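Since the structure comes first, as structure tokens, the remarks are kept for the end.
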Amino acid sequence: MREISQRTGELVAAGALFTIGLVWALGSLEMPRGEFSVPGPGFFPMFLSGGLCASALLIALNALRSRVTARVRVGNASIWSTGIALLVVAVLFEPLGFIPAIALFVAFFLRLLSGFRWIPCILTALAAACVVYLFFGVLLGIPLPPVRWL
Amino acid sequence: MDTIQSLLHGLLIALEPLNLLYCFIGVLWGTLVGILPGIGPLGGIALLLPMTFKMSSATSAIIMLAGIFYGAMYGGSTTSILLNIPGESASIVTCIDGYQMARKGRAGPALVVAALGSFFAGTVSVLALMLFAPPLARAMLKIGPGEEFSLMLLALLVLSFVSQSTILKTLSMILLGLMIATIGMDPFTGHMRFTFGYMGFAEGLGFVPMAIGLFGVSEILMNLEEISTVEAIKPTLRSLIPRWKDLRDSAPAVGRGTLVGLAFGFVPGISHVISTFISYALEKKIAKHPEEFGTGRIEGVAGPEAANNATTGTSLVPLLVLGIPAIPATALLMTALLVHGINPGPQLIQDHPDVFWGLIASMYVGNIMLLILNLPMVGIFVNILRVRYAYLAPAILVISICGVYGVNSSAVDIGVVAISGVVGYLLRKFKFDLSPLILAVVLGDRLELACRRALTISEGSLWIFVKSSFSQIFVAALIVIIALQTIAWALGFRIRPQQKDS
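Protein chains in written order, with my numbering: chain G, 1 to 150; chain C, 151 to 652.
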């Protein structure tokens, strides 16, 4: 796992929050803001973005002045792989269909965490995906994407 | 008399076979999520929330989801006592003496006292909800948009004081949440805001995928840092029978813990966690032999467990009466009600008495189910803990994917879950509290609506937010809550040095 100082992490977080605040502020400027007696769509977001930018700056200032030297362990291969795998599922979910997409996801996860060989992972994952489809798709009636390409 | 008649009516609703089944599913699932480290009541409710959208009755939906909420409070104590791992945050304190009792072969009495204390406190808590909510709702019917704005703003500000993170970080999370809530169509003018050209965001960024990502997925990612198998102490059924001395010693602690929980249940944020620490500190403070705390004192289990269960009823009061979820779990309950076209708030009891009284009655029934479930089935629950995390984690993620997709049939929501999960993980690593973020997302729309309506009525004058007696009461309440928090911090500050000694 990678170690990052608490200060660096807070500075990065403050930077991200400031950026989001800035984007919101610029977006609010493009909308009618109205006035206090008749607030427009940009009125509330403008105040919020100002507040967020200000608090982000203060967080950054606190982090720079802080004497805390703690280091934080962030992420490992399993964690980042899980995040990426979920994004891949989001992309492939409808084109591939529920069962193949979920089977691939579960197989990947089993391989990642349990170290089984690929064939047992894939077979277990296919079975699990079918069971889940029967429970959620058929029994509970949730409309899950079918396999259209077969 | 009205209250009793309404309660009897609610009991008829709660005892309908389908509602009994949903209550059972809720409390069973709640117990499981309370037991399984890595998925707390919020994750548990978020996972089943999309299923409730298909239900024909809002009452059934809220009965099941509320069952998960208070069921998790029962379940968390099992892992605390048997494994020294809190199943959820409100059970942290139970680890201190509960696990020590288990190591001395007294896991059975610890589990029984925890269950009995939880039952008593949970029942009293529902009674408090039943007695306080209707008169409070009648009073709240008189508030206008100015008072509503003041109240919601104060609830969010209180969060920044009681949150586990620093005030600045919490404020930034609140502001971020309120900004996320502005995504979509402006309710006044129909203007599209912050959709970045994507029509899928016209109704806003999905709250359910965000909640599942921020709390469910981020928790799994945290657990993936270090996967370990656990060895649990497994008590026999015979050993569950407590001694008369255990019941006698724990009863006053249960009473005191219940009162602490009832009081703190109204505080937005992490009332169920704060109340357990306060209760433990109180028991240790008044004990004849405080040095024995930490070595297996039954009061150290009974008090905190009663406290955390006593918050369940009172923490529902802000949601049901004011329409303001005080904690993230009740924010999800609010979503379930809104999907079924029911607006929680002062009109709920008047317009939808079935929902309110059906829920109250089902909580009495649910508490009985939990008492029956938790003790004989402790062996089964312990075996579930032995399932390898390599199998448990993908199972939870797949259920999340199915649940989230079931809301809008949109794969974009799965992407929101993924991104929220990673962002939530990183925020937690750098000590940003996520509860204020999700509460602000839920309240953001209403807060903005109330603000804009109030300013329109007052023609731009800001006095509308503080001039009425209700607004002044809210400000006074804020001062009281800050004072309570200061006392909590002071007690907590004193606990840490003593804990090191024991």
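Virtual Cβ for every residue (Gly too), placed ideally from N, Cα, C. Note that the structure is a prediction, hence the values are computed from the model and not measured.
- The C-beta of K319 (chain C) has 16 or more other C-beta atoms within 10 Å across all chains shown, which makes the residue buried.
- Here N169 (chain C) is buried. Its C-beta has 16 or more other C-beta atoms within 10 Å.
- Contact between S227 (chain C) and E598 (chain C) is absent: CB atoms are separated by about 40 Å, not below the 8 Å threshold.
- At least one CB of chain C lies nearer than 8 Å to the CB of L110 (chain G).
- Looking at the DSSP output, I4 (chain G) bridges to G:V72.
- Contacts with chain C at 8 Å (Cβ-Cβ) do not include I119 (chain G).
- Setting aside the 5 residues that flank it on each side, T273 (chain C) is surrounded in the same chain by Y514, N517, each with a C-beta closer than 8 Å to its C-beta; the list follows chain order.
- The stretch 446 to 454 of chain C makes contact with the stretch 239 to 259 of chain C; the number of CB pairs closer than 8 Å reaches 3 or more.
- For the C-beta of G15 (chain G), not a single chain C residue is nearer than 8 Å; the gap to the nearest is close to 12 Å.
- Proximity of chain G to H341 (chain C) at the Cβ level (cut-off 9 Å) is accounted for by M31, P32, G40, P41, G42, in chain order.
- Two segments are said to touch when three or more pairs of C-beta atoms, one from each, lie closer than 8 Å; by this definition the stretch 461 to 476 of chain C touches the stretch 293 to 306 of chain C.
- For W149 (chain G), not one C-beta of chain C is nearer than 8 Å to its own C-beta.
- Under the three-state reduction of DSSP output, R343 (chain C) falls in the strand class.
- For V88 (chain G), the uninterrupted alpha helix (DSSP H) segment begins and ends at 77 to 96.
- The beta-carbon of V616 (chain C) is placed no less than 8 Å from the nearest beta-carbon of chain G.
- Taking every protein chain shown into account, the CB of I637 (chain C) has fewer than 16 other CB atoms within 10 angstroms, so this residue is exposed.
- DSSP, read as helix, strand or coil, puts P39 (chain G) in strand.
- Residues of the stretch 276 to 299 of chain C whose Cβ lies closer than 8 Å to any Cβ of chain G: none.
- According to the DSSP assignment, P468 (chain C) belongs to no alpha helix (DSSP H), since it is labelled neither H nor E.
- Pairing P359 (chain C) with A431 (chain C), the inter-Cα distance amounts to about 38 Å.
- Between the stretch 53 to 68 of chain G and the stretch 3 to 19 of chain G, the count of Cβ pairs shorter than 8 Å is three or higher; the stretches touch.
- For S66 (chain G), the closest Cβ of chain C is not nearer than 8 Å.
- Closest in C-alpha terms to G176 (chain C), from the list C:M519, C:V423, C:G491, comes C:M519.
- The beta carbon of N493 (chain C) lies closer than 8 Å to those of G473, L487 in the same chain, with the five residues before and after it left out.
- DSSP places M335 (chain C) in the strand class (E or B) of the three-state scheme.
- A straight line joining the alpha-carbon of L58 (chain G) with that of W24 (chain G) spans about 18 Å.
- Bounds of the alpha helix (DSSP H) holding L483 (chain C) are 478 to 489.
- Nearest to E375 (chain C) by alpha-carbon distance, out of G:G27, G:A77, G:F18, is G:A77.
- For S5 (chain G), the closest Cβ of chain C is not nearer than 8 Å.
- For the C-beta of M201 (chain C), the chain G residues within less than 7 Å are, from N- to C-terminus, L140.
- With 16 or more other Cβ atoms inside 10 Å of its own Cβ, D336 (chain C) counts as buried.
- Contact annotation, F338 (chain C) with V467 (chain C): C-beta distance approximately 30 Å; criterion of less than 8 Å not satisfied.
- With contacts defined as CB atoms closer than 8 Å, P45 (chain G) and G27 (chain G) qualify as a contacting pair.
- Here G495 (chain C) is not near A460 (chain C), since their CB atoms are 8 Å or more apart.
- When Cβ-Cβ separations below 8 Å define contact, I551 (chain C) makes contact with chain G.
- Selection C:S368, C:A545, C:A604 evaluated against V131 (chain G) yields C:A545 as nearest (Cα-Cα).
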